[in-house]
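Student:
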Amino acid sequence: MGNNRLGNRIRSFRKLKGYTQQGLAEKLGVSLYFVGSLERGTRVPTEPVLRKIASTLQIDVEELCDINNA
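Counting from -11, one number per residue, gives the positions in the sequence shown under our numbering.
In structure tokens, the structure reads:
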């Protein structure tokens, strides 16, 4: 999955849950800049961070990464 595609999915699920970038950053314990970078596709989350994002958004990592449709 490309970085931009993953970033777009993070953004979409974040908005579906009603979180702002700042709100998600606080829940993850990361900076607002980091969340923005993920959503823009300029940073790639490590596996532990990816799992934390999925858990925070209450979805499976596979769904976040769109593994079944990749």
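For glycine and all other residues, C-beta sits at the position ideal for the given N, C-alpha and C.
#1: Alpha carbon to alpha carbon, what distance is there between L16 and I41?
#2: Just curious, the alpha helix (DSSP H) that V49 is in, first and last residue?
#3: Return yes when the Cβ of Q9 is within less than 7 Å of the Cβ of G24, no when it is not.
#4: By the 10 Å Cβ neighbour count, where 16 or more other Cβ atoms means buried, how is P36 classified, buried or exposed?
#5: Less than 7 Å between the C-beta atoms of R(-3) and E27, yes or no?
Tutor: Quick look at the numbers:
#1: Sequence index remark: in the sequence shown, residue 41 carries index 53 (1-based). Sequence index remark: in the sequence shown, residue 16 carries index 28 (1-based). Their backbone Cα atoms lie some 7 Å apart in a straight line.
#2: Counted from its first residue, the sequence shown places residue 49 at position 61. Start and end: V49 to C53.
#3: Along the sequence shown, one-based indexing puts residue 24 at 36. Along the sequence shown, one-based indexing puts residue 9 at 21. Closer than 7 Å, so yes.
#4: As a working note, residue 36 is residue 48 in the sequence shown. P36 should be labelled exposed.
#5: As a position in the sequence shown, residue -3 is number 9, starting the count at 1. As a position in the sequence shown, residue 27 is number 39, starting the count at 1. No, these two residues do not count as a Cβ contact at 7 Å.
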